[in-house]
């Protein structure tokens, strides 16, 4: 299981152009517990988005178009709900891989819970989008496109999970069907005069789900969350430590190549602001932007 755990920890919270906060490697913590904390964190954010969905009474207010403040909040909630669909897919992909070598019952619980959470978030997104359109909120097909992309990735993920082999130590995983029809189709049809346009409704071929793809769409959801948190911090006062660039490594450029090919044993933040990617053949020092500064001899 160490390889699977390392791949997740090296990515921090989904790489592929995203940002990862690197913690001090001296922290007395196991890799497995850190992965589970990341899973629980994604679960928490997705659940928070679902808990903030408009109530039936609020949906009626949105349809009336009377309250512009409610409309603006609902647009943000719609974005969060679509991100929650991606987060739940990431949880299912992550836990399905970890269960291949770890019998921790929490993994199976999170795997099943993510499927239910994803379906609920997608239904809530459909209801919110429909109400916004009725209220003349100016919603467009571009606002719905992330939802269709998330559904397409989720279906590809379920197809991949269904093909996973079953073994003595690896259970048969229960599928989590997506709502049919897609809850976004009603809103899309209203925007298109009665029928979803082919480019949105699913004419695009499904894309294969790989580890990089999983990290990419989960990373996109994380970036959206980070943007919202940074904007909120800007409104409230000085930026938080999590947003400070000196403690954040962008997994791109040389850093992405090193992590992919060299599989660092650890990633630590040095006092000089550089990140030390400790590999078997040397210490690769990269800046916060992921560009290689220099390579040093292996640590004794």
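Numbering (our numbering), first residue to last: 3 to 302. Just so you know, even glycine gets a beta-carbon here, dropped at the ideal spot from N, CA and C.
Does DSSP classify residue i as helix, strand or coil?
i	result
residue 271	strand
residue 284	strand
residue 69	coil
residue 115	helix
residue 211	Unreliable placement is indicated for residue 211, whose pLDDT of 38 sits below 50; no coordinate value is reported for it.
residue 295	strand
residue 289	coil
residue 21	Residue placement at residue 21 is flagged as unreliable, the pLDDT there being 30, under the threshold of 50; the coordinate-derived value follows with that caveat. Reduced to three states, the DSSP call for residue 21 is strand.
residue 96	helix
residue 103	coil
residue 190	helix
residue 180	coil
residue 54	coil
residue 223	Here residue 223 scores only 49 on pLDDT, less than 50, and its place in the model should not be relied on; the value that follows carries that caveat. Helix.
residue 175	coil
residue 43	helix
residue 263	helix
residue 246	A caution first: residue 246 carries a pLDDT of 40, below 50, which makes its placement in the model unreliable, though a value can still be read off. In the structure shown, residue 246 sits in coil (DSSP, three-state: anything other than H, G, I, E or B).
residue 199	The predicted position of residue 199 is uncertain, since its pLDDT is 46 and thus under 50; no value can be drawn from it.
Under the assumption that residue i contacts residue j (Cβ atoms under 8 Å), give the Cβ distance between them as a whole number of angstroms.
i	j	result
residue 124	residue 134	With a Cβ gap of about 16 Å, residue 124 and residue 134 do not count as contacting.
residue 67	residue 138	5 Å
residue 52	residue 119	7 Å
residue 93	residue 153	About 16 Å separates the two Cβ atoms, so there is no contact after all.
residue 256	residue 287	That pair is no contact at about 10 Å.
residue 1	residue 252	The displayed coordinates of the chain run from 3 to 302. Any statement about residue 1 would go beyond what the structure contains.
residue 126	residue 83	5 Å
residue 48	residue 132	Rounded, the Cβ-Cβ distance is 21 Å, inconsistent with contact.
residue 270	residue 278	5 Å
Looking only at C-alpha atoms, which of the options sits nearest to residue i?
i	options	result
residue 43	58, 86 and 184	86
residue 36	100, 89 and 121	100
residue 187	157, 147 and 161	147
residue 194	144, 257, 109 and 38	144
residue 63	103, 136 and 84	136
residue 95	260, 178 and 254	178
residue 264	297, 289, 152 and 291	297
residue 174	116, 81, 110 and 47	110
residue 280	268, 290 and 274	268
residue 102	170, 49 and 285	170
residue 98	274, 163, 275 and 38	163
residue 274	127, 290, 259 and 176	290
residue 128	299, 117, 79 and 167	79
residue 112	266, 131, 89 and 132	89
residue 104	254, 185, 172 and 252	172
residue 156	167, 184, 168 and 130	184
residue 50	254, 81 and 191	81
residue 130	114, 149 and 76	76
Based on the DSSP output, what are the partners of residue i in its beta bridges?
i	result
residue 278	270 and 287
Pick out the complete alpha helix (DSSP H) segments inside the stretch 111 to 173, 4 residues or longer, and give them in chain order.
-> 143 to 164
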